[in-house]
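In this note's numbering, the protein residues as written are 24 to 1021.
Cβ atoms here follow ideal geometry from the backbone N, Cα and C, with glycine treated the same way.
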Amino acid sequence: MTAPGRRSSTFTRLLRHGFTDPSAAERLLESGQLAPIKADPVLLEALGTTADPDLALLGLVRLVEAQGGHTAERELLDTLVAAKPLRDRLLGVLGASAALADHLARHPGDWRELVTYEPQDLHPGVAEFERGLAEAADPVSLRVAYRRCLLSIAARDVCGTTDLAQTAAELADLATATLRAALAIARGAAPGDAALCRLAVVAMGKCGGHELNYVSDVDVIFVGEAADGADESKAIQAATRLAAHMMRICSETTVEGSIWPVDANLRPEGRNGPLVRTLSSHLAYYQRWAKTWEFQALLKARPVAGDIELGAEYVATLAPLVWHAAERENFVADVQRMRRRVVENIPVAEVDRELKLGPGGLRDVEFAVQLLQLVHGRADSSLRSGTTLDALKALAAGGYVGRADAVQLDDSYRFLRLMEHRIQLYRLRRTHLVPEDSADLRRIGRSLGLRVDPVGELKREWKRHRAVVRRLHEKLFYRPLLDAVAQLATGEARLSADAARERLVALGYADPGAALRHLEALASGVSRKAAIQRTLLPVLLGWFADSAEPDAGLLNFRKVSDALGKTPWYLRLLRDEGAAAENLARVLSAGRLAPDLLMRAPEAVALLGDGDGGGLEPRARAHLEQEVLAAVGRAAGGEQAVTAARGVRRRELFRTAAADIVASYGTEETPVVADQGALVDQVGGAVSDLTAATLAGTLRAVVRDGWGDTLPTRFAVIAMGRFGGHELGYGSDADVLFVHEPREGVDEHEASRAANAVVSEMRRLLQVSSADPPLLIDADLRPEGKSGPLVRSLKSYEAYYRRWSLVWESQALLRAEFVAGDEDLGRRFIELVDPLRYPAEGLGEDAVREIRRLKARMESERMPRGADPTLHTKLGRGGLSDVEWTVQLFQLRHGWDEPGLRTTRTREALAAACAAGLVSGEDAAILDEAWVLATRVRNAVMLVRGRAGDTFPSDGRELAAVGRYLGYGPGHVGDMLDDYRRTTRRARAVVDELFYGA
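Take a look at the structure:
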């Protein structure tokens, strides 16, 4: 007897053998059921090797209790002690699966299934499982027989007799036998239906791939044909009834639980399509309507039950379509978008616990392997395996995947699948979430052989394998492209030139030959530059492929690399700054403007390297002006000074464009910016501030070069149009007015000559041909338009506006804002025009009618011939002009008594009109959405084409690039145009009501 306060020796031994509740275990051992063997050391040793010794002991006690008699109990216990194979199998199962322990308690004789240890028992196939299910005559007995077979699979699994691949194959074979048994029961219940039709059951998913989980939906597709002499319509109806009955037999819950759901949703049209189709109907669907993912799913199609000959004919008929799927437009993008959508649909709280669907999970491996199979399987039949690990092995053997990568991926996939198996085996429930409870994690860890610190070791291993998968699954597709152009070790398989071109075409490269030459130039050699680029290129190729212009992205990267490749900071930037490489890839493949700006001064790539995004933040006007004026001050003459100012402008235009592209495309670290209006405001503000700073610097340079420190006349630049509204786009001219005022004692003619000379020189210097983009100055909004003088004195403006001003000039002055030169003169000019643009008591009806007449005339006369009015962003229906004229009419009519309307900015004025009750919130939102969208389209066109435009491009690739910038994936340019038309149509309806009073 143990002394009070001291632990028994049994208690201590139980702790040593891995029990977490030794007190409860000691009581179970002392119970009558285990009395005959409790002292046998073999029992504790065996329990201690299980995943959960406490669970195993409890399950054993329940099993002994369920034997129902002394003789049966003695048989079980004697066999348990004497036969090590039974002991390891039985206790292994009881320690890993509470659900199978429950089954044994309900069916206490089934433990005898684990006694046999013959060679044929070690690796059973479909025939052996069919024999095991042969006596099942109804759904309940089928469930019992299924669990009995499952018991033997689990026993071999937990004891290590079979590895992961063998276990998954056995589970698929058991599913095949079960589907056949269920179909036989359904046929027996409806012999008339069975006689009318031929019905094939084609396994899909993991069952079709011969790699099933313990608990998983069994995906199937049904194919039906009429039996000889039967009516096809009636035959398909009969086949449908049989198929539905078979599904119910497997899926419905009875007193013995359920087997697993049979899921037929991978069929044509999904759950909306007929359950059973003829072979010709299947073929017609896949030829005309099937999406890329449906061909991907067919990789695993395998006939398993019913009319096997018909099932084999189905697979053979569709195979040519499967192996030509990679030729479909946007094939790779479709597959990758499908993968991203899966991740996005995971609840945020579960992402980090998702073993199957989360980043670095099983689906990443499976998607990558299937993608490669579809690209190369057409030419290489050795890749056409439905089993992931077999396909991965074949890809490595053929050089389509690097061997080292394949080995690592195989190892990680096996570990993650084993985790999945152990999680599901415990309760036999369909789940892919890693549990959070430490007891569950301990059981899983011990079942995987992690015995020192099961929980800690499991978490570390899981994290490591997830990281391996995340690192490799995307590179898997791109890295062999480098091997195809690199020097490999003797005996190492490589991607052939044809296979490499095939893969590049699948990625969307229009000129795979040129792409391979670029890769060879970038990755060849033993220099540090080549080594770093070999590491980066697999990832960069993926980012380029995610754009509409992968060829341009790769070519531009080669140009930047040629220019900067020997610069140490550039190589460090790409190697060490995670954001820099992706930002660079996005910028280089998004169109012509940003790469052109970068190529003129490649060192600007440094702006992309600030990991927190600060490098791409727009700079304030004051800082820009300070830098420009300092550069002008250091220059020797006027031309050199303006060249320096234009150089700053080029760099800052690149910063703005890069920030816009990165925000619109999104990166791994930074999601796409959801507020499109904020992006428009950021671009408009940044380009307008930059233009103002450039004009200020140019004015300083011209004055200094011609007159020294002081011009004979005060001089100011007034921004107009989009410039004044802080809404300039990348390709916008600078609309301005020039005003001067002679200094005291200076003759007016001399002052006027000086002012005109300044304007002429500013315009000339800002358009001189150079590496920097020109800045065009447009002064057509001045009094008398092109017929009037380029520059007037303040008195001249006052006289003109007092006597001759027209209503359109008052409207144009709504955007007037001082931007450069003499600040006091600029302020007085604004004071002069305020009464014109915000007339007391608002506009009269005659003026309103005149504005409406001008707008209608502009719509009819200025629209370019042949342009689609529904897609012209400036003059088209619901476009920029419609929204701006509507907002400006509010300003002219109500600006005198609504201070919020006294702004040069369209969106601010629209918001103020809404706040003042002049326009409803709904109508204001419709107008704002249309204006923002039209502005985004104009910006996109300039970014993509490198030149300004008011309509969508006609070239397919350019149109796709505009769509990508606006958030539309490959193949969705039609949706983009439809959305644009719908948005602007709604805006035009509001304009008709608010502007025209319709």
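As a beta-bridge residue in DSSP terms, Cys220 pairs with Ala249.
Annotation: Ala106 to Glu136 spans about 13 Å, alpha carbon to alpha carbon. Shown here for Thr926: same chain residues with a beta carbon closer than 6 Å to its own, the five before and five after excluded, namely Ala932 in chain order. Residue state for Phe738 is assigned as strand, using DSSP reduced to three classes. Taking all protein chains in view, the Cβ of Ala204 is crowded by 16 or more other Cβ atoms within 10 Å, so the residue is classified as buried. Under the Cβ criterion (8 Å, minimum of three pairs), the segment 229-240 does not count as touching the segment 329-348.
Cβ neighbours of Val740 within its own chain (closer than 6 Å, five residues either side excluded): Leu718, Val759, Val842, Ala843 and Gly844.
In the assembly as shown, Ser404 is an exposed residue. Its beta-carbon has fewer than 16 other beta-carbons within 10 Å. Per DSSP, the continuous alpha helix (DSSP H) segment holding Arg112 begins and ends at Lys107 to Ala119.
For Glu151, the three-state secondary structure derived from DSSP is helix. At least 8 Å separates the beta-carbon of Ala402 from that of Leu415. Of all alpha-carbon atoms in Tyr1019, Val685, Gly754 and Met743, the one lying nearest the alpha-carbon of Lys878 is that of Tyr1019. In the DSSP annotation of this structure, Val814 is not part of any alpha helix (DSSP H); the continuous beta strand (DSSP E) holding it starts and ends at Val814 to Ser816. Every alpha helix (DSSP H) of 4 residues or more that sits fully in the segment 791-871 is shown, in chain order, as 817-826, 830-835 and 846-860. Annotation note: the segment 160-247 contains the following uninterrupted beta strand (DSSP E) runs of length 3 or greater, listed N- to C-terminal: 220-226.
When DSSP states are grouped into helix, strand and coil, Ala757 belongs to the strand group. Residue environment for Leu829: exposed (fewer than 16 other C-beta atoms within 10 angstroms of its C-beta).
Taking one beta carbon from each stretch, the segment 593-609 and the segment 1008-1019 have fewer than 3 pairs nearer than 8 Å; the two do not touch.
Straight through space, the alpha carbons of Ile272 and Pro162 are spaced by roughly 6 Å.
Secondary structure within the segment 911-935: not one fully enclosed beta strand (DSSP E) run of 3 or more consecutive residues is present. By the CB criterion at 8 Å, Pro131 and Leu100 fall outside the cutoff. Assignment of alpha helix (DSSP H) within the segment 930-998, counting only whole runs of 4 or more residues, yields 944-968 and 979-988 in chain order.
Assignment of Arg657 by DSSP, reduced to helix, strand and coil, places it in the helix class. By alpha-carbon distance to Gly479, the top candidate from Ala490, Lys498 and Glu459 is Glu459.
Taking 8 Å as the cut-off, the beta carbon of Ile244 is found closer than this to the beta carbon of Arg290. The beta-carbon distance between Thr690 and Ala709, rounded to whole angstroms, is 20 Å. This is too long to meet the 8 Å contact definition. At a Cβ-Cβ threshold of 8 Å, Val655 and Asp683 do not count as neighbours. The beta carbon of Gly531 is closer than 6 Å to those of Ala568 and Pro573 in its chain, skipping five residues each way along the sequence.
When Ala74, Asp240 and Ile259 are compared, the shortest CA-CA separation from Val246 is found for Ile259. Cβ-Cβ distances below 7 Å link Leu448 to Ala119, Ser120, Ala177 and Tyr237 in the same chain, with the five nearest sequence neighbours on each side left out; the list follows chain order. Under DSSP, Val762 forms a beta bridge with Ala739 and Arg815. A contact is defined here as three or more CB-CB pairs under 8 Å, and the segment 776-790 meets this definition with respect to the segment 723-740. In the three-state reduction of the DSSP assignment, Asp286 falls in the strand class. Below 8 Å, too few C-beta pairs join the segment 638-651 and the segment 783-799 to call them touching: fewer than three.
Boundaries of the beta strand (DSSP E) harbouring Gly329: Arg325 to Gly329, taken from the DSSP string. Runs of beta strand (DSSP E) with 3 or more residues, each lying fully within the segment 404-443, are absent.
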